[in-house]
Amino acid sequence: MDILKKIKKAQKVLFLAFLILIIAVISYFNSKLVWHTNAKSYIEKSYGKAMTTRVDTEYQYNGKKYKIIFSTSQNKKDELYLQCFEEKFNGLFYKPTYGAAQGNSTSLNGVTCHFIDGSTDDKFLVFYGYNKNLQASNLSVEKTDKAHWITQDISKQEYFLYTYTNVIYPVTIFKDSQDNDITNNFINQDGSYN
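Using this note's numbering, read the sequence shown as starting at 34 and increasing by one per residue.
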């Protein structure tokens with residue numbers, strides 16, 4: 034009787050393992066769920082070009098975990114692409130939730146609002162960009178209370194990505210090492226001021 038119970042238990046375990054394997058194989062080839070290992074191919078398929086991953090980070094917001102991948106075209110360092118995935122099954126899979134492309138624009142930075150469940154009040158913002166020739170020393174974003182600024186040192190970062198809540202969209206200021214405002218350099222790709 035004891036051996037029969039062990040056999041039934043082993044059958045259940047094997048069945049569950051087989052079921053998990055089937056789910057994994059189906060989701061690997063399904064565009065709705067992405068493994069971290071094929072996230073790059075998902076992004077390349079979405080934009081129709083070869084990509085280089087510049088920043089791959091994780092972010093947690095309101096109990097949910099997200100993977101945010103910032104990429105550029107392999108051929109053009111100033112074509113910026115951002116993809117956000119929501120973690121599913123404790124990180125086994127990711128569901129694509131938001132993508133942004135600066136591919137054909139002249140801006141060297143981008144800001145995206147990631148709205149949760151369609152609510153404009155429930156969101157986080159992703160600030161990302163290309164610090165061409167390392168010209169910017171820092172970037173600052175204004176908090177919603179308008180009394181404080183958050184400043185990040187980007188002097189050694191060719192590509193940067195920061196995620197915030199409670200900041201004013203899209204207020205961003207870039208400064209060089211002499212504390213000069215060079216924000217327009219990030220708006221016009223040729224470096225000219227408006």
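For each residue, glycine too, the CB sits at the ideal point set by N, CA and C.
- In the displayed model, K100 falls within a strand according to three-state DSSP.
- DSSP lists no beta-bridge partner residue for Q135.
- By alpha-carbon distance to K128, the top candidate from A134, S104, F118 and E112 is F118.
- Note on geometry: alpha-carbon atoms of A133 and E112 lie some 11 Å from one another.
- In the structure shown, G162 falls within a strand segment according to DSSP collapsed to helix, strand and coil.
- Ranked by how close their Cα comes to the Cα of Q116, the residues D155, G96, K109 and V67 have V67 in first place.
- One thing to note: Y192 has its Cβ no nearer than 8 Å to the Cβ of V174.
- Closest option to K110, judged by alpha-carbon separation, among D155, N166 and S170: N166.
- The beta carbons of I187 and N164 sit closer together than 8 Å.
- With contacts defined as CB atoms closer than 8 Å, A169 and I215 qualify as a contacting pair.
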